[in-house]
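Q: Letter by letter, the sequence shown follows residues 131 to 678 of the numbering used here.
Glycine residues also receive a C-beta, built at the ideal position from the N, C-alpha and C atoms.
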Amino acid sequence: MLIILVFYMRTNNLKAACAVLFILSVSVFSCRHYEPAPDKDVFRYNEAGNLLSLDPAFSRLQSGVWACRQVFSGLVRLDETASVVPEVAKSWEISPDALGYTFHLRDDVYFHKSAAFLPQYPDSTRAVRASDFVYSLGRLTDPNVASPGAWTMNSVEEIKAIDDTTLYIRLKDAFPAFLSLLAMPYCAVVPHEAVDYFGPDFRTSPVGTGAFYVKYWSEGNMLVLRRNPDFFEFDEDGCRLPYLEAVNITFLPDKQAAFMEFLMGNLDFISGLDPGYADEVLTPEGTLKEKFRGEMKMMTMPYLNTEYLGINMDLPAGHPLSDIRIRRALNHGFDRRKMMLYLRKNIGSPATGGLIPAGLPGTMASDTADLYDPQLSLSLIAQYKAEKGRIEPFVLQVNSDYRDLCEYIQSEWQRLGIPVSVEVIQTASLRQAMATGKTDFFRASWVGDYPDGENYLSLYYGPNESPKGPNYTHYKNSEFDRLYLKAMHTLDDSLRTDMYRRLDSMAVADVPVIVLFYDQVIRFYNPSLEGFTGNMLNHIDLRRVKKG
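Spelled out as structure tokens, the structure:
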């Protein structure tokens, strides 16, 4: 009770401080008249990670992605099904060779009002032109900018404006997922006037075309976004979006403190499940406890994150993991369903296929399949011992966040007679070891940058061997590489999906990875919210959100 009282006192102080800041905050662009929005029209959430920049060219972390999606727009975006839909581009054509993309832009999209447009534009704004995308996308590969999103343009050969509303992009090589890349915040449109006017301060004084603009930002404390009265999208009844008047983002690093804020009604949603309050909120089966069902709602959906154990395929012949029988015995030697129930509260789904997660075309995941087969594991172990005599001990390296999970798996393997130990090392050290091939057996995960199976299959592609790329297992298969390249040049979605499934199946047969589970997004949110959705990339789209 004392802890709750402390939290309650802290909450009152924070709320008062927020109210004062909200009322006294001044506009980055002073010609806008500021009035606090009514509480019912303000969406509030907390960002535990620090937000360093609102320049979309640096939107690498979730904290930046969520905020930038409210402030900026791109040629296209991903909807709640993670499908590519129009945004600033109202339509497009792709050439028969899949190299040329012609985008037809809307002519009613305007940048947020800013002093950067004065005196040339007396209205303090101007319409977006195709040349703005030439500038914005070209900026990603400018070495002086040093954007972490430069890789999104790796396949691009040329970007040019045909006229004010026609943009042409030509690729070096066909890449079917290219439209999905353009939906990333990195590729949002920005005006060169604002970048030039604000210079390094553009990160704190961004100018976009999104549903909200930046009103106030006290770094590490609060970010206030206000409704863009000139936003270019309308609902089905002809009402201009967004419905909300403001978005208020706080930056409490303590997730349990943020959860208390949510319980007291000071935040409208919480993303993720922190161990500190998991048992308090969820039943052992992973459902919301009855006592909270009137106070909050819970949303779960597939998340493009595959958790796996990686095996270094360059190990010498004498190492147990160099033998496919031991790799297969490990893969079939633990109960993933039990693991998910007792250690993850069923948040996520047990792996039943390869790296491509459930929900993406090409996945081998199945609700009915089960990889657990201890008898098969024992048979494979017996075959190995009959030939080799014994299994030499080996080590699984993990970070502290996954110690419990991996120790459960270790105990299952040891019951089968596989002498594996778990070594906990710092996350940074583990990443370095993975990148340099200095670890034999390691826990890792892959969060999809874009919703296409190719993003996961790239972890098997030979030329992507680390440190050059994400093939941390150093898996090599010439037939896989040949079919992978063929899939990249296949425009027919159904044919490419079949190829993805064959590719994932081919790699699974060689067991360079042991897939543990496919993750889920879990959100707790204010039951008064309407239109609050997400997608498998865990995006936040507040354009159509209302508070009842």
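Measure how close the beta-carbons of leucine 615 and proline 600 come, nearest whole angstrom, since I'm counting them as under 8 Å.
A: Not quite, the Cβ-Cβ distance comes to about 17 Å (not below 8 Å), so this is no contact.
Q: So, using beta-carbon positions, are asparagine 461 and threonine 569 closer together than 8 Å?
A: No, the pair does not count as a contact, with Cβ atoms beyond the cut-off.
Q: By a C-beta neighbour count over all protein chains shown, 10 Å radius and 16 as the cutoff for buried, is cysteine 369 buried or exposed?
A: Classification of cysteine 369: exposed, given that the 10 Å Cβ count is below 16.
Q: Among the residues of its own chain, which have a CB less than 6 Å from the CB of isoleucine 289, if the five just before and after it don't count?
A: Taken in chain order, the residues that qualify are Val264, Leu267, Ile299.
Q: Compute the Euclidean distance between the alpha carbons of glutamate 410 and serine 479, then round it to the nearest angstrom.
A: Taking the straight line joining both Cα atoms gives about 22 Å.
Q: Please say whether valine 528 and valine 554 have beta carbons closer to each other than 8 Å?
A: For valine 554 and valine 528, yes; Cβs fall inside 8 Å.
Q: For alanine 499, report the span of its alpha helix (DSSP H) as first-last.
A: Segment: none, alanine 499 is in no alpha helix (DSSP H) and carries neither H nor E.
Q: Kindly provide the ranges of any beta strand (DSSP E) runs that are 3 or more residues long and lie completely inside the stretch 296-332, ordered along the chain.
A: Correct list: 296-301.
Q: Using the rule of at least 16 other Cβ atoms within 10 Å of the residue's Cβ for burial, across every protein chain shown, is glutamine 200 buried or exposed?
A: It is buried - the Cβ of glutamine 200 has at least 16 other Cβ atoms within 10 Å.
Q: Does the distance from the C-beta atom of alanine 246 to that of phenylalanine 361 stay below 8 Å?
A: Cβ distance not < 8 Å, so alanine 246 and phenylalanine 361 don't count as in contact.
Q: For glutamine 527, report the span of its alpha helix (DSSP H) as first-last.
A: Segment 524-528 is the beta strand (DSSP E) holding glutamine 527; no alpha helix (DSSP H) there.
Q: Rounded C-beta distance between isoleucine 670 and threonine 430? I'm assuming under 8 Å.
A: About 16 Å separates the two Cβ atoms, so there is no contact after all.
Q: When the Cα of serine 624 is compared with those of Asp444, Asp227, Asp582, Glu210, which residue comes out closest?
A: That would be Asp582, whose Cα lies nearest to the Cα of serine 624.
Q: On a CA-only basis, which of Thr232, Thr211, Asp227 is nearest lysine 220? Give me that one, please.
A: Cα-wise, what sits closest to lysine 220 is Thr232.
Q: Relative to the C-alpha of tyrosine 630, which candidate in Pro306, Leu205, Asp209, Glu210 has its C-alpha closest?
A: Ranking Pro306, Leu205, Asp209, Glu210 by Cα distance to tyrosine 630 puts Pro306 first.
Q: Please classify asparagine 358 as buried or exposed, where buried requires at least 16 other C-beta atoms within 10 Å of its C-beta.
A: Looking at its Cβ environment, which holds 16 or more other Cβ atoms inside 10 Å, asparagine 358 is buried.
Q: Between which two residues does the alpha helix (DSSP H) containing glutamine 513 stretch?
A: Here the alpha helix (DSSP H) through glutamine 513 covers 504-518.
Q: On the three-pair Cβ rule with 8 Å, is the stretch 523-539 touching the stretch 504-511?
A: Segments in contact, no.
Q: Quick test of the definition: if touching needs 3 or more C-beta pairs under 8 Å, does the stretch 437-455 touch the stretch 637-654?
A: Yes: at least three Cβ pairs fall under 8 Å.
Q: With a 10 Å radius around its C-beta and 16 neighbouring C-beta atoms as the bar for buried, classify histidine 619 as buried or exposed.
A: So histidine 619 ends up on the exposed side.
Q: When the Cα atoms are used, what is the spatial distance from alanine 280 to threonine 271?
A: Each residue's Cα considered, the two are about 5 Å apart.
Q: For arginine 174 and aspartate 398, what's the separation of their Cα atoms in angstroms?
A: Their Cα atoms are separated by approximately 5 Å.
Q: State yes or no: is the C-beta of serine 575 within less than 8 Å of the C-beta of glutamate 437?
A: A contact, by the Cβ cut-off of 8 Å.
Q: Would you kindly check if the distance between the Cβ of leucine 439 and the Cβ of leucine 546 is under 8 Å?
A: In this structure, leucine 439 does not lie closer than 8 Å to leucine 546 by Cβ.
Q: How would you call serine 401, buried or exposed, if buried means at least 16 neighbouring beta carbons within 10 angstroms?
A: The residue is buried, with at least 16 neighbouring Cβ atoms inside 10 Å.
Q: Would you mind listing the alpha helix (DSSP H) stretches within the stretch 245-271 that are 4+ residues and don't spill past its ends, in chain order?
A: If we require 4 residues or more, the alpha helix (DSSP H) runs fully inside the stretch 245-271 come out as 260-270.
Q: Going by DSSP, what residue range makes up the beta strand (DSSP E) through phenylalanine 173?
A: That run of the beta strand (DSSP E) goes 172-176.
Q: Alpha carbon to alpha carbon, how far is tyrosine 580 from asparagine 656? Give it in angstroms, no decimals.
A: Cα to Cα, the separation comes out at about 28 Å.
Q: Here's the rule: buried if 16 or more other CB atoms are within 10 angstroms of the residue's CB, otherwise exposed. What is threonine 380?
A: Counting Cβ neighbours within 10 Å, threonine 380 comes out buried, since at least 16 surround it.
Q: With DSSP collapsed to three states, give me the class of valine 215.
A: DSSP places valine 215 in strand when its eight states are reduced to three.
Q: Is it the case that the Cβ atoms of alanine 499 and proline 487 are separated by a distance below 8 Å?
A: Contact flag unset, no.
Q: Contact check, glycine 489 vs methionine 666 under 8 Å by CB: the rounded distance?
A: Contact holds; Cβ gap of about 5 Å.
Q: Write down the C-beta distance between valine 337 and proline 321 rounded to the nearest angstrom, noting that I regard them as a contact closer than 8 Å.
A: The pair is a contact, with the Cβ atoms about 6 Å apart (cut-off 8 Å).
Q: Which of helix, strand or coil does DSSP assign to glutamate 223?
A: Of the three classes helix, strand and coil, the one that applies to glutamate 223 here is strand, per DSSP.
Q: Report the three-state DSSP secondary structure of aspartate 649 (helix, strand or coil).
A: If DSSP states are grouped into helix, strand and coil, aspartate 649 belongs with the strands.
Q: Give a yes or no on whether the C-beta atoms belonging to alanine 187 and valine 286 are separated by under 8 Å.
A: No. Outside cutoff.
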